[in-house]
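Comments concern the structure below.
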Amino acid sequence: MTKVSLYIDVDGVLCPFGATGRTDWGTAWSIAGAGLLEVSYAVDLVKALNELAGRPDLRFVWLTSWESLAPEFLCPAIGLAGQEWPVLGRRGPGQRRRLVETAGNPAGP
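In this text, residue positions in the sequence shown follow my numbering: the first is 1471, and each later residue adds one.
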């Protein structure tokens, strides 16, 4: 089965800077301590991502300057089931090529 890859960023996307008021889902922003800093996040977004993560035709990949800190600190802090998602970091084109080549492999990289 071919999988569609969904690349996830943290800063400004999953956790917006200076979030105030209500989310697009109509709920208040939540705050969590994720290691050295606090992050704002939408509980409903995390819930939706967790539901999508269970789909066999999707593969989530971290694409963030947080790199391995996202699965290690952010996921437990906000309840996101992304601890096992591969991380596309700054380790160069070899890693990127490997992620692209294994996109259709259910075992992943």
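The beta carbon of each residue, even a glycine, is placed where N, CA and C say it ideally should be.
Under 8 Å between C-beta atoms of residue i and residue j
i, j, result
"tryptophan 1532", "valine 1516", "no"
"glycine 1552", "alanine 1540", "yes"
"alanine 1518", "tyrosine 1511", "no"
"glutamate 1537", "glycine 1559", "yes"
"leucine 1476", "phenylalanine 1530", "yes"
"leucine 1544", "valine 1513", "no"
Residues that residue i bridges to, as DSSP identifies them
i, result
"glutamate 1508", "Gly1503"
"phenylalanine 1530", "Leu1476"
"aspartate 1481", "Cys1485"
"arginine 1492", "Ala1498"
"valine 1557", "Trp1532"
Residue i Cβ short of 7 Å to the ligand ATP heavy atom set
i, result
"valine 1516", "This structure does not include the ligand ATP; it has no bound ligands of any sort."
Where residue i falls, given that 16 or more other Cβ within 10 Å makes a residue buried
i, result
"tryptophan 1555", "buried"
"tryptophan 1495", "exposed"
"valine 1480", "buried"
"threonine 1615", "As displayed, the chain neither begins before 1471 nor continues past 1579, which places residue 1615 out of reach and without an answer."
Is there contact between the stretch 1487-1505 and the stretch 1520-1529, where contact requires at least three CB pairs shorter than 8 Å?
no
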